[in-house]
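Participant:
Number of protein chains: 2
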Amino acid sequence: MTDQDLTQADTVRLAIEREIFGGQLAPGDALEEGRLASRFGVSRTPVREAITQLAQAGLITKRAHKRAVVAQLDAGAMLELFEALAELEGAAVFLSTSRMSEAEKRALKDIHEAAAENLRSDGDPNEYADLGFAFHQLIVRGCHNTALIDTTEWLALRVLPYRRFQVVAPGRLQRNQTDHDAIISAIFAGDAEAAREEIRRHTLEQGDALMRFIALNKTSHADFHPNGLIKEQPL
Amino acid sequence: MTDQDLTQADTVRLAIEREIFGGQLAPGDALEEGRLASRFGVSRTPVREAITQLAQAGLITKRAHKRAVVAQLDAGAMLELFEALAELEGAAVFLSTSRMSEAEKRALKDIHEAAAENLRSDGDPNEYADLGFAFHQLIVRGCHNTALIDTTEWLALRVLPYRRFQVVAPGRLQRNQTDHDAIISAIFAGDAEAAREEIRRHTLEQGDALMRFIALNKTSHADFHPNGLIKEQPL
DNA sequence: TTATACGCAATTGCATACACTGAGCCATCT
DNA sequence: AGATGGCTCAGTGTATGCAATTGCGTATAA
Numbered sequence: 011m012t013d014q015d016l017t018q019a020d021t022v023r024l025a026i027e028r029e030i031f032g033g034q035l036a037p038g039d040a041l042e043e044g045r046l047a048s049r050f051g052v053s054r055t056p057v058r059e060a061i062t063q064l065a066q067a068g069l070i071t072k073r074a075h076k077r078a079v080v081a082q083l084d085a086g087a088m089l090e091l092f093e094a095l096a097e098l099e100g101a102a103v104f105l106s107t108s109r110m111s112e113a114e115k116r117a118l119k120d121i122h123e124a125a126a127e128n129l130r131s132d133g134d135p136n137e138y139a140d141l142g143f144a145f146h147q148l149i150v151r152g153c154h155n156t157a158l159i160d161t162t163e164w165l166a167l168r169v170l171p172y173r174r175f176q177v178v179a180p181g182r183l184q185r186n187q188t189d190h191d192a193i194i195s196a197i198f199a200g201d202a203e204a205a206r207e208e209i210r211r212h213t214l215e216q217g218d219a220l221m222r223f224i225a226l227n228k229t230s231h232a233d234f235h236p237n238g239l240i241k242e243q244p245l
Numbered sequence: 011m012t013d014q015d016l017t018q019a020d021t022v023r024l025a026i027e028r029e030i031f032g033g034q035l036a037p038g039d040a041l042e043e044g045r046l047a048s049r050f051g052v053s054r055t056p057v058r059e060a061i062t063q064l065a066q067a068g069l070i071t072k073r074a075h076k077r078a079v080v081a082q083l084d085a086g087a088m089l090e091l092f093e094a095l096a097e098l099e100g101a102a103v104f105l106s107t108s109r110m111s112e113a114e115k116r117a118l119k120d121i122h123e124a125a126a127e128n129l130r131s132d133g134d135p136n137e138y139a140d141l142g143f144a145f146h147q148l149i150v151r152g153c154h155n156t157a158l159i160d161t162t163e164w165l166a167l168r169v170l171p172y173r174r175f176q177v178v179a180p181g182r183l184q185r186n187q188t189d190h191d192a193i194i195s196a197i198f199a200g201d202a203e204a205a206r207e208e209i210r211r212h213t214l215e216q217g218d219a220l221m222r223f224i225a226l227n228k229t230s231h232a233d234f235h236p237n238g239l240i241k242e243q244p245l
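Here the protein sequences come in this chain order: P and H.
For the first sequence, the positions run 11 to 245 when my numbering is used.
For the second sequence, the positions run 11 to 245 when my numbering is used.
(1) Check whether the Cβ atoms of H/L118 and H/I149 sit closer than 8 Å, and answer yes or no.
(2) Would you identify the three-state DSSP class for H/V79, choosing helix, strand or coil?
(3) For the alpha helix (DSSP H) holding H/S48, just list the boundary residues, first then last.
(4) Taking its Cβ as the centre, do 16 or more other Cβ atoms sit within 10 Å of P/P37, making it buried, or is it exposed?
(5) Could you give the DSSP three-state label for H/A74: helix, strand or coil?
(6) Just list the alpha helix (DSSP H) runs in the stretch 66 to 140 of chain P, keeping only unbroken ones of 4 residues or longer that don't cross its boundaries, in chain order.
(7) Determine which residues share a DSSP beta bridge with H/A144 and list them.
(8) If you measure beta-carbon to beta-carbon, which residues of the stretch 174 to 205 of chain P are closer than 7 Å to chain H?
(9) So, for P/R210: in the same chain, excluding its five sequence neighbours on each side, which residues have a beta-carbon less than 8 Å away from its beta-carbon?
(10) Apart from the five residues on each side of it in sequence, which residues of its chain come closer than 7 Å, Cβ to Cβ, to H/I30?
(11) Can a CB atom of chain H be found closer than 8 Å to the CB of P/A213?
(12) Using 8 Å as the threshold, is the C-beta distance between H/I1 and H/A205 below it?
(13) Measuring straight from C-alpha to C-alpha, what distance separates H/I130 and H/H146?
(14) For P/F50 and H/A202, what's the separation of their Cα atoms in angstroms?
(15) Since P/L167 and P/A67 are thought to touch, with beta carbons under 8 Å apart, how far apart are those beta carbons, to the nearest angstrom?
(16) Can you give me, in chain order, the residues of the stretch 142 to 164 of chain H that have a beta carbon less than 7 Å from any beta carbon in chain P?
(17) Just confirm the distance between the C-beta atoms of H/Q63 and P/T62, as a whole number of angstroms; I'd bet it's less than 8 Å.
(18) Reducing DSSP to helix, strand and coil, say where P/A60 ends up.
(19) Any contact between the stretch 212 to 226 of chain H and the stretch 182 to 200 of chain H? By contact I mean 3 or more CB pairs, one from each, below 8 Å.
(20) For P/Q187 and P/A144, what's the separation of their Cα atoms in angstroms?
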């Protein structure tokens with residue numbers, strides 16, 4: 011049963027997801043069923059199914075008889091998303107503080123220290139970003155409530171296509187690390203309410219910083235388009 | 011452009027949703043594509059699409075090469091769901107307290123008082139349930155954050171197939187009304203933190219009551235079946 | 001030049017046909 | 001008898017064809 015029994019629609023969906031998160035498919039790009047079908051060597055049917063799923067997940071917007079498009083967030087939507095995400099992560103960490111096992115706490119600390127080391131040694135910013143992502147993920151999963159975890163990660167997914175900007179903002183990393191410091195301290199101190207407030211503020215600030223950064227490079231006045239503004243990603 | 015331009019897949023999806031919420035389709039029931047197709051007078055294609063969407067929404071569970079099934083919640087899953095919902099509603103009301111317009115507050119109060127009147131006059135419990143649902147909905151929507159609203163309602167949807175039990179629990183209604191009283195007071199007092207705590211406790215308690223009620227009528231020891239008929243459901 | 005009407009190509013939504021999987025049933029073997 | 005293996009068939013996954021709709025270039029008008 012180790013065979014996941016992946017259907018072709020699943021394969022296509024995962025492939026498209028990767029391309030969205032990897033940046034090959036940027037917000038605003040059109041997804042044409044026929045092209046994707048031939049690109050993946052399947053018929054339009056599984057492609058359609060994959061697109062339907064991604065649309066339901068919010069990664070793609072799709073309207074009847076119109077081409078599917080990689081979801082594009084205007085400033086307002088992104089603000090809302092980060093606000094909601096801040097609340098959800100706050101709720102999660104509130105629970106996590108009393109529910110994380112010792113092993114989970116240690117893993118969290120390990121990641122946090124690896125990130126610190128990355129900063130000290132002026133390491134790869136992409137690696138730092140990955141560590142930050144893992145940090146948040148560990149905290150959220152620490153609440154041991156799959157409904158809340160899934161919901162939170164579902165929201166987080168939607169900003170992911172934009173999040174790779176974060177790393178280029180200068181001076182942000184140090185501040186990020188300080189925030190994480192405060193969060194982890196609150197968790198280890200068992201102060202759930204403080205942990206909630208810290209992560210709420212932190213996530214809101216992250217969103218703010220991302221938006222401000224994007225706004226500086228924006229071309230359209232309401233929409234962002236990652237690849238149009240930034241040089242290149244090493245993926 | 012008032013025409014919503016509903017595709018057949020949408021129509022089918024809405025129809026299935028209604029049947030799930032209405033109870034004609036109970037958790038655990040199998041959805042066979044071919045039957046649904048002929049019942050709705052369409053081909054399997056739009057039915058498949060509808061099922062895919064509902065699966066992504068969590069209302070039905072679907073595994074490769076197996077029949078789709080109306081989502082069935084075991085005790086643990088339901089507990090998690092209510093816990094998550096409590097957190098989300100808490101987050102929403104926290105924001106709503108400072109964001110609801112006067113008109114929205116008045117509408118909320120009107121609903122609340124209609125519910126009180128329903129209780130005083132020993133009215134239709136179903137109507138009371140609807141009012142309660144509207145009460146929660148108004149509060150959630152009052153936060154004016156569509157991401158948070160959608161997420162919360164998305165979670166609430168998943169317990170909806172079970173929620174029609176609530177009304178039969180004796181003595182619950184009065185307590186429910188008292189809780190709502192406290193919530194609305196906190197909102198009008200502008201005490202966001204109190205409102206959050208009140209609705210958190212309230213929603214958790216609602217879930218508790220529902221689960222306890224179902225547990226009394228259960229035959230299987232982990233799974234619930236609204237219609238009172240438990241069907242075999244090994245994993 | 002800008003705006004509007006129109007027609008054709010491209011693309012989606014749906015139907016149908018086919019391929020594959022998995023669960024039961026029965027026969028066969030030990 | 002119980003286990004094992006193939007057979008059957010209901011049902012899902014995928015491919016393909018066709019009709020309906022869009023949007024986009026072109027022509028025409030203001």
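Ideal Cβ positions, reconstructed from N, Cα and C, are used throughout, including at glycine.
All values reported here derive from a predicted model rather than from experimental measurement.
Facilitator: This is what the structure holds:
(1) Against a cut-off of 8 Å, the Cβ pair of H/I149 and H/L118 comes out as a contact.
(2) It is a strand residue.
(3) Its alpha helix (DSSP H) spans residues E43 to F50.
(4) P/P37 should be labelled buried.
(5) H/A74 falls in the coil class under three-state DSSP.
(6) Complete alpha helix (DSSP H) runs here, min 4: 85 to 109 and 112 to 130.
(7) According to DSSP, which records beta bridges pairwise, H/A144 is partnered with nothing at all.
(8) So the list is empty, because no residue satisfies the distance condition.
(9) The residues A96, E97, E99 and G100, in chain order, have a CB closer than 8 Å to that of P/R210 in the same chain once the five nearest residues on each side in sequence are set aside.
(10) Around H/I30: L69, V80 and P171.
(11) In the sequence under discussion, the amino acid at residue 213 of chain P is Thr, which differs from the Ala named in the question. P/T213 is outside the set of residues whose beta carbon lies under 8 Å from a beta carbon in chain H.
(12) Lying before the first or after the last residue shown, residue 1 of chain H is absent from chain H, which here runs from 11 to 245.
(13) It is worth fixing the name first, because residue 130 of chain H is Arg in this sequence and not Ile. Linking H/R130 to H/H146 through their CA atoms gives a straight-line distance of about 21 Å.
(14) Near 51 Å, if we compare the C-alpha coordinates of H/A202 and P/F50.
(15) P/A67 and P/L167 do touch by the CB rule: their CB atoms are close to 7 Å apart, below 8 Å.
(16) Within the stretch 142 to 164 of chain H, the qualifying residues are N155, T156, A157, L158 and T161.
(17) Their Cβ separation, rounded to whole angstroms, is 6 Å, which keeps H/Q63 and P/T62 in contact under 8 Å.
(18) Looking at P/A60 - three-state DSSP - the assignment turns out to be helix.
(19) With a cut-off of 8 Å, the stretch 182 to 200 of chain H and the stretch 212 to 226 of chain H count as touching, because enough Cβ pairs lie within range.
(20) When the Cα atoms are used, P/Q187 and P/A144 turn out to be separated by approximately 13 Å.
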